[in-house]
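The sequence shown begins at 23 in this note's numbering and counts up by one.
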Amino acid sequence: MDATELFLEVARLAGLHGFKEDLYWDQDLAVSVDVSDLFYWACADSEDVTEENLPLLKQSIEDIANICKRSVHKYATPLFAARVRGQRPQGKYISDYVYEYPDRVKVYDEEFQQWVWQTPRDADDKLYHDPQLTQALKALFLALPERPVDFGNPFTPEGSYDYGNAEA
């Protein structure tokens, strides 16, 4: 597969699954995915997509889609990059950004006197996260090797700030 074919295949996958904004490429059509702040705070970063790791991108898309198809655009490239690197994203990403909502429901809006689609909210009017989908998505990331809490990864996957408390 030459660079053009690889680029076109990655662009096709991105268009099909909605992660076009995550792609970077150069004048030679070398393609990478944006993973800024995924592994380390305040770090611009990307992961190259190569002919060798393209199957891993496809597998990441499939694994996310098997849990929740509407989540592919959010989690396929982070999961791909984590698998290529053989490490989890930083703990804060897993604790605060990996979640999924249940399907939207149609409700009647009294103020506007019409039916509207809404994501369910809990008693405190916060968006309700579907716990089963959320746990299944988190499990994909937590299956990767654990990483130490350090300057670039100050939070645990449970969301606790632990930098400075870790054993030296």
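A virtual CB, placed ideally from N, CA and C, is assigned to each residue, including glycine.
Quiz item: Cβ of C90 within 8 Å of Cβ of E133?
Solution: no
Practice problem: Report the rounded CA-to-CA distance for K114 versus L51, giving the unit in angstroms. | Solution: 33 Å
Quiz item: Which residue from N187, A161 and L162 puts its Cα closest to that of D172?
Solution: N187
Self-check item: Per-residue burial, R34 [other beta carbons within 10 Å of its own, 16 or more giving buried]
Solution: exposed
Quiz item: Between L60 and Q49, what straight-line distance do the alpha-carbon atoms span, to the nearest angstrom?
Solution: 26 Å
Exercise. Answer with buried or exposed for D24, where buried requires no fewer than 16 other C-beta atoms within 10 angstroms of its C-beta.
Key: exposed
Self-check item: Buried/exposed call for S93, threshold 16 Cβ in 10 Å
Solution: buried
Quiz item: Taking the DSSP output, what are the residues bridged to D56?
Solution: S68
Quiz prompt | Contacts around L28, its chain only, beta-carbon distance under 8 Å, and the 5 residues preceding and following it disregarded | solution = L51, V53, V71, T72, E73 and L76
Self-check item: Candidates F177, Q135, V120 and V138: closest to P153 by CA position
Solution: V120
Quiz item: Taking the alpha helix (DSSP H) that L38 falls in, what are its first and last residues?
Solution: A25 to H39
Exercise. State the DSSP-derived secondary structure class of Q112, mapped to helix, strand or coil.
Key: coil
Quiz item: Quick one: Cα of A87 to Cα of F41, how far?
Solution: 13 Å
Quiz prompt | CB contact flag (L164, P179, <8 Å) | solution = yes
Exercise. Ignore the nearest five residues each way along the sequence and tell me which others in S82's own chain have a CB closer than 7 Å to its CB.
Key: A98, L101, F102 and R105
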